[in-house]
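Visitor: Chains as they are written, first to last, in the working numbering: chain A, -5 to 289; chain B, 220 to 332. My questions will all concern the structure given below.
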């Protein structure tokens, strides 16, 4: 028992001593600068300078100094209008759909014809992947999309039926031939899926032209990054796709269409048709990068 | 308290039930695979059989086939030489989606259906 008390006392004394030593040091130790001046004065034989201590100014600790600097930085940021830091820089400002797509709401298109995509990527079947995925996405938005196999067949028979050769000037003919209200042109710049990475990067350009007025209703150039969860999901046994790589690219292409047309106004077959004017929208023309890590 | 709890649970359940517009099943894979081409007659028959589940929904179902699917199925039927069924599905597409009228009528005229 006594041993414990002695041990405790030793520790308490040691701690108190440390504190006392610090206090003594702070009180009596002469500052480096002052000490140097004293030594110099002694060598030169000059009288020592009297140090006048300002008793009204409290010495500030390093921790406090750091805190003050941080506070000042924060205040400066707040005054410059940067309040949300990271988030505000990363995402575009909130814009309402009716201000970005006024012509879509005005012309109220019902059907969209996808002009066969111009595939500049190394992925052989990238164009067909886009065609299928876009058709599904836009039909879910409530529009009428022309049959995929018919478009693919048309492109096979007539090589000119491609976004590479077709221009906005041809748009009017699609109303006459197909009854389409809008022609959608796509250029696929790249589809990259390195074997060592879980990331798929796709770059594509979308333009929607009205077949009645030849106005541009929608334009997007998107760089899309899709990070698949690790380990990579393999295709199911019943899947019709050729291999795992094709399956992973196809998944990324489908996700991309979803995000590109996320803010596009709903079509006549959707229950939200013309009710989404005040919903979120990106800008009409923009370059953006989306990184998605699905759960 | 109990009533509020039950009401809350029901609200949460209904909020989670978002009705989709169409039943796609494996539409994307099927259409993409068919669009890739290079299939023999046996393979086309197999794909057509799978596609039928998207176009011919159960009678009790409140859904309609997605846009363009009936016309796609008609094209598949045409490839197999079944012109009667092809015409039937082209007509179905026109009936469900009047926007397709110009296109379907043109195709039917070109094919002599």
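For every residue, glycine included, the Cβ atom is placed at its ideal position computed from N, Cα and C.
At least one CB of chain E closer than 9 Å to the CB of residue 325/B: is that the case?
Guide: Within the model displayed, chain E is absent; protein chains A and B are what it includes.
Visitor: For residue 157/A and residue 119/A, I'd like the C-alpha separation in whole angstroms.
Guide: Going by the C-alpha atoms only, they are around 15 Å apart.
Visitor: Taking one C-beta from the stretch 134 to 147 of chain A and one from the stretch 259 to 266 of chain A each time, how about it: are there three or more such pairs within less than 8 Å?
Guide: As far as the Cβ criterion goes, the stretch 134 to 147 of chain A touches the stretch 259 to 266 of chain A, which means the pair count is three or higher.
Visitor: Rounding to the nearest angstrom, what Cα-Cα distance links residue 80/A and residue 142/A in this structure?
Guide: Because residue 80/A carries a pLDDT of 48, less than 50, the predicted location of this residue cannot be relied on, and no value is offered for it.
Visitor: Mapping the DSSP letters down to three states, classify residue 214/A as helix, strand or coil.
Guide: Residue 214/A falls in the strand class under three-state DSSP.
Visitor: Express the C-alpha separation of residue 266/B and residue 237/A in angstroms, rounding to a whole number.
Guide: About 18 Å.
Visitor: Hey, quick one: how far does the beta strand (DSSP E) through residue 199/A stretch, first residue to last?
Guide: It spans 193 to 204 - the beta strand (DSSP E) in which residue 199/A sits, taken as one unbroken run.
Visitor: Tell me the rounded alpha-carbon separation between residue 193/A and residue 215/A.
Guide: Looking at the two C-alpha atoms, the distance is approximately 19 Å.
Visitor: Taking DSSP as the reference, what is the three-state secondary structure of residue 107/A?
Guide: Of the three classes helix, strand and coil, the one that applies to residue 107/A here is strand, per DSSP.
Visitor: Alpha carbon to alpha carbon, how far is residue 311/B from residue 264/A? Give it in angstroms, no decimals.
Guide: Distance between the alpha carbons of residue 264/A and residue 311/B is about 20 Å.
Visitor: Would you call residue 228/A buried or exposed, if buried means 16 or more other Cβ atoms sit within 10 Å of its Cβ?
Guide: Answer is exposed; the Cβ neighbour count stays below 16.
Visitor: What whole-angstrom Cβ distance do residue 247/A and residue 196/A have, given they're in contact under 8 Å?
Guide: Correct: roughly 7 Å between the Cβ atoms.
Visitor: Can you name the start and end residues of the alpha helix (DSSP H) that residue 176/A belongs to?
Guide: Segment 176 to 186 is the beta strand (DSSP E) holding residue 176/A; no alpha helix (DSSP H) there.
Visitor: By Cβ distance below 6 Å, which residues in the same chain neighbour residue 296/B in space, the five residues on each side in sequence not counted?
Guide: Cβ neighbours of residue 296/B beyond the five flanking positions: 304 and 305.
Visitor: List the DSSP bridge partners of residue 221/A.
Guide: DSSP, once it has assigned bridges, lists 193/A as partnering residue 221/A.
Visitor: For residue 291/B, would you say it is in contact with chain A, using Cβ-to-Cβ distances shorter than 9 Å as the test?
Guide: Yes - at least one Cβ of chain A is within 9 Å of the one on residue 291/B.
Visitor: Leaving out five residues before and five after residue 269/B in sequence, what residues of the same chain have Cβ atoms less than 8 Å from its Cβ?
Guide: So the qualifying residues of the chain are 245 and 249.
Visitor: Please determine, among 268/A, 204/A and 217/A, the residue with the shortest C-alpha to C-alpha distance to residue 99/A.
Guide: Nearest C-alpha to residue 99/A: 268/A.
Visitor: By the 10 Å Cβ neighbour count, where 16 or more other Cβ atoms means buried, how is residue 222/B classified, buried or exposed?
Guide: The residue in question, residue 222/B, is exposed, as its Cβ has fewer than 16 Cβ neighbours within 10 Å.
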